[in-house]
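Student:
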Amino acid sequence: MSESEAQISDNVPQYSVSELSGAIKQALESRFGRVKVRGEVTELKRYPSGHIYLSLKDEGGKIAAVIWRGVAGRLDLMPENGMDVVATGRVSAYGERSSYQLMIDQLSFAGEGALLARIEQIRVKLLQEGLFDPDRKKPLPYFPARIGVITSSQGAVLHDICTTIERRFPRDVLIWPVAVQGQGAVEQILAALAGIVAAKPDIVILARGGGSLEDLMAFNDERVVRAVAAFPLPLISAIGHETDTTLVDYAADRRAPTPTAAAEMAVPQRSEMLADLAHRAARLLSAGNLVLQRAAARRDRAASYMPDLPALLETSRLRLDDRTQRLSFALPSFVQKLRARHDRVQTLLTSPQTSIAARRQNVYEAQGRLRDCLNLSVFKARRGFDSLPDQTRIMRASLVLKRSVFDGVSRQLEAMSPHAVLARGYVLVQDGAGRPVSSAHDHPQGGAVTLTFADGERKGRIQPDAGRAMPQGDLGL
1 MSESEAQISD
11 NVPQYSVSEL
21 SGAIKQALES
31 RFGRVKVRGE
41 VTELKRYPSG
51 HIYLSLKDEG
61 GKIAAVIWRG
71 VAGRLDLMPE
81 NGMDVVATGR
91 VSAYGERSSY
101 QLMIDQLSFA
111 GEGALLARIE
121 QIRVKLLQEG
131 LFDPDRKKPL
141 PYFPARIGVI
151 TSSQGAVLHD
161 ICTTIERRFP
171 RDVLIWPVAV
181 QGQGAVEQIL
191 AALAGIVAAK
201 PDIVILARGG
211 GSLEDLMAFN
221 DERVVRAVAA
231 FPLPLISAIG
241 HETDTTLVDY
251 AADRRAPTPT
261 AAAEMAVPQR
271 SEMLADLAHR
281 AARLLSAGNL
291 VLQRAAARRD
301 RAASYMPDLP
311 ALLETSRLRL
321 DDRTQRLSFA
331 LPSFVQKLRA
341 RHDRVQTLLT
351 SPQTSIAARR
361 QNVYEAQGRL
371 RDCLNLSVFK
381 ARRGFDSLPD
391 QTRIMRASLV
401 LKRSVFDGVS
411 RQLEAMSPHA
421 VLARGYVLVQ
431 DGAGRPVSSA
441 HDHPQGGAVT
451 LTFADGERKG
461 RIQPDAGRAM
471 PQGDLGL
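Now the structure itself:
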């Protein structure tokens with residue numbers, strides 16, 4: 001080694017590893033300080049501790065970056081792989097690994113093109129999930145009693161909505177102020193959507209004024225869009241001017257081009273309602289009069305077909321009087337005719353007692369003729385016996401003997417016959433079953449008895465207290 005080379009070698013500073021790492025870290029931090037870096041997010045990792053590690057890359061290089069837990073909760077934009085962003089932070093070195101990284105404290109989209117690409121990516125994703133389907137849209141109430149408004153308390157939006165509602169049809173307005181752009185806007189909008197439901201408004205208006213695409217990004221956030229799609233109450237979105245369109249407009253039940261138009265959608269026009277009511281009342285009155293006129297015409301036609309009821313009643317009354325008078329004359333004549341017919345029939349009929357007496361007389365006469373015939377036959381036989389031989393005389397004597405015996409028996413029978421007793425003035429008393437009543441203490445059923453005389457029968461009744469038969473019926477008692 002030459003002398004000059006040795007002198008140069010002695011002049012090179014010597015560092016320890018930690019000294020060199022510290023020097024490099026100090027140089028980086030003092031040279032760059034806070035920087036903005038544009039790149040595509042890649043190698044994104046979220047740890048349970050809350051820290052987010054990622055890398056930013058472009059066509060020529062890649063740099064590691066970290067978002068500490070305390071900063072991640074305050075970011076307006078949450079990073080995702082493939083997102084083109086502008087990260088703001090400080091460059092720092094990590095000596096133990098001989099590496100450097102960007103500590104991010106702010107994050108935003110890298111230009112309008114990146115914003116539009118991100119919005120389209122979210123729109124396609126939510127469209128495929130069906131969050132924008134028309135079937136999910138809820139109808140707006142025609143006459144809401146309370147209207148909820150979620151918007152900024154500053155600016156003309158709130159004033160336009162309130163004055164429009166007051167002008168068209170005054171209603172109760174529930175105002176929930178939120179930040180509509182910048183840091184924390186998404187969280188406030190989500191909290192408002194969750195909290196306003198407890199107040200039970202009939203309809204909710206989510207509104208803000210016009211602005212740039214970056215200003216409207218809170219209403220393109222996926223969390224806000226999902227909250228609007230799942231909102232249980234009818235919701236009208238009125239974000240920006242008429243040409244501005246956000247993802248919330250697709251998820252809302254109705255989109256209004258301006259906040260004033262949203263208020264007009266929420267409540268009807270009172271003057272128009274009054275005019276419509278007057279028109280409807282006039283039509284209803286006209287229709288009612290027409291119905292009454294038609295009913296009166298039908299009544300008149302029906303009345304012309306109906307007979308004169310008072311005349312019918314008078315005719316019926318006269319006919320009833322005539323029938324009553326004729327009946328008063330006809331009834332006695334009819335009864336008299338019936339009585340005359342009855343008398344004629346009665347003269348033609350004989351009484352049962354007479355018929356029985358006649359039949360009994362016929363029987364007695366037949367009995368007498370039979371006896372005469374028998375006597376004649378006996379007489380003729382006796383004369384014949386007298387001319388017969390001795391044997392015949394014997395037979396005749398036997399017949400005479402038997403005849404005498406027969407006569408004796410006949411006389412005994414006639415003596416014992418009840419008819420012979422009745423002929424002497426006695427009466428046979430029988431109950432309803434034909435059994436004789438032989439004692440004064442007998443009590444036939446119902447007291448009814450039959451009194452049999454020599455020439456006929458009579459009905460009677462035994463009185464228990466008198467103990468004797470009381471004739472009645474044909475006896476005239």
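Residue numbers (UniProt numbering): 1 to 477.
Glycine included, C-beta positions come from ideal geometry on N, C-alpha and C.
Please go through the same chain and pick out, in chain order, the residues whose beta-carbon is closer than 7 angstroms to the beta-carbon of Arg69, but skip the five residues on each side of it.
Tutor: Position 69 of the sequence shown, counted from the first residue, corresponds to residue 69. So the list reads Ser49, Gly50, His51, once near-sequence residues are dropped.
Student: Rounded to a whole number of angstroms, what is the C-alpha to C-alpha distance between Gly432 and Gly460?
Tutor: Mapped onto the sequence shown, residue 432 falls at position 432. Mapped onto the sequence shown, residue 460 falls at position 460. Answer to the nearest angstrom: the Cα atoms are 11 angstroms apart.
Student: State the beta-bridge partners of Gln325 as determined by DSSP.
Tutor: The residue given as residue 325 occupies position 325 in the sequence shown. DSSP, once it has assigned bridges, lists no residue as partnering Gln325.
Student: Rounded to a whole number of angstroms, what is the C-alpha to C-alpha distance between Ala87 and Ile119?
Tutor: In the sequence shown, residue 87 corresponds to position 87, counting from 1. In the sequence shown, residue 119 corresponds to position 119, counting from 1. One C-alpha to the other measures close to 19 angstroms.
Student: If you drop the 5 nearest sequence neighbours on each side, which residues of the same chain put their C-beta closer than 6 angstroms to that of Ala448?
Tutor: In the sequence shown, the residue the question calls residue 448 occupies position 448. Closer than 6 angstroms at the Cβ level, and outside the excluded window around Ala448, lie Gly432, Arg461.
Student: Using CA coordinates, which residue listed in Gln353, Ile175, Arg435 is at the minimum distance from Ile205?
Tutor: Here residue 205 refers to the residue found at position 205 of the sequence shown. For Ile205, the nearest C-alpha among the options comes from Ile175.
Student: Is it right to say Pro259 is buried, meaning 16 or more other beta carbons lie within 10 angstroms of its own, or is it exposed?
Tutor: To locate residue 259, count along the sequence shown from 1; it is residue 259. Pro259 should be labelled buried.
Student: Threshold first: 3 residues or longer. Then list the beta strand (DSSP E) segments lying entirely within the stretch 152–189, N to C.
Tutor: Listed in chain order, the complete beta strand (DSSP E) runs (minimum 3 residues) inside the stretch 152–189 are 172–177.
Student: What does the alpha-carbon distance come out to for the pair Glu314 and Gly288?
Tutor: Mapped onto the sequence shown, residue 314 falls at position 314. Mapped onto the sequence shown, residue 288 falls at position 288. The alpha-carbon atoms of Glu314 and Gly288 are separated by roughly 39 angstroms.
Student: So, at 7 angstroms on beta carbons, what are the nonlocal neighbours of Pro141 in its own chain, with the 5 sequence-adjacent residues on each side left out?
Tutor: Counted from its first residue, the sequence shown places residue 141 at position 141. Counting only Cβ-Cβ distances below 7 angstroms, and skipping sequence neighbours, we find Asp202, Ile203, Pro234.
Student: Should Gln412 go down as buried or exposed, given a rule of 16 or more other Cβ atoms within 10 Å for buried?
Tutor: Here the question's residue 412 lines up with position 412 in the sequence shown. Exposed.
Student: For the beta strand (DSSP E) containing Arg283, list its first residue and its last residue.
Tutor: As a working note, residue 283 is residue 283 in the sequence shown. Not the beta strand (DSSP E): Arg283 falls in the alpha helix (DSSP H), residues 270–305.
Student: Within the continuous beta strand (DSSP E) that includes Glu43, where are the two ends?
Tutor: Position 43 of the sequence shown, counted from the start, is the residue given in the question as residue 43. 34–46 is the extent of the beta strand (DSSP E) around Glu43.
Student: Taking only three categories from DSSP, how would you classify Met470?
Tutor: Translated into the one-based positions of the sequence shown, residue 470 becomes position 470. Note that Met470 scores 45 on pLDDT, short of 50, meaning its location in the model is unreliable; the coordinates nonetheless yield the value given after this. In this structure, Met470 counts as strand in the three-state DSSP scheme.
Student: Three or more beta-carbon pairs under 8 angstroms between the stretch 32–43 and the stretch 137–153, yes or no?
Tutor: Touching, no.
Student: Note down, one range per segment and in chain order, each beta strand (DSSP E) of at least 3 residues found wholly within the stretch 187–273.
Tutor: You should have 203–208, 235–239.
Student: Once the 5 residues before and after Glu222 are set aside, which same chain residues still bring their CB inside 6 angstroms of it?
Tutor: Along the sequence shown, read from residue 1 onward, the residue named residue 222 stands at position 222. So the qualifying residues of the chain are Ile122.
Student: Which of the three DSSP states is assigned to Asp135 in this structure?
Tutor: On the sequence shown, residue 135 is found 135 positions in, with the first residue counted as 1. Helix.
Student: Going by DSSP, which residues form a beta bridge with Gln430?
Tutor: Residue mapping note: residue 430 aligns to position 430 of the sequence shown, counting from 1. In DSSP, Gln430 forms a bridge with Pro436, Thr450.
Student: Can you list, in chain order, the residues of its chain with a C-beta nearer than 7 angstroms to that of Gly155? Leave out the 5 residues immediately preceding and following it.
Tutor: Within the sequence shown, residue 155 is the residue found at index 155, counting from 1. The residues are Gly209.
Student: Whole angstroms are fine: how far does the CA of Ala23 sit from the CA of Pro257?
Tutor: In the sequence shown, counting from the first residue as 1, residue 257 sits at position 257. In the sequence shown, counting from the first residue as 1, residue 23 sits at position 23. Going by the C-alpha atoms only, they are around 59 angstroms apart.
Student: Taking only the alpha-carbon atoms, compute the straight-line gap between Gly211 and Val12 and give it to the nearest angstrom.
Tutor: Locating residue 211 in the sequence shown gives position 211, where the first residue counts as 1. Locating residue 12 in the sequence shown gives position 12, where the first residue counts as 1. Approximately 59 angstroms between the Cα atoms of the pair.
Student: So the alpha helix (DSSP H) Val71 belongs to, where does it begin and stop?
Tutor: Translated into positions along the sequence shown, residue 71 becomes position 71. First-last of the alpha helix (DSSP H) with Val71: 69–72.
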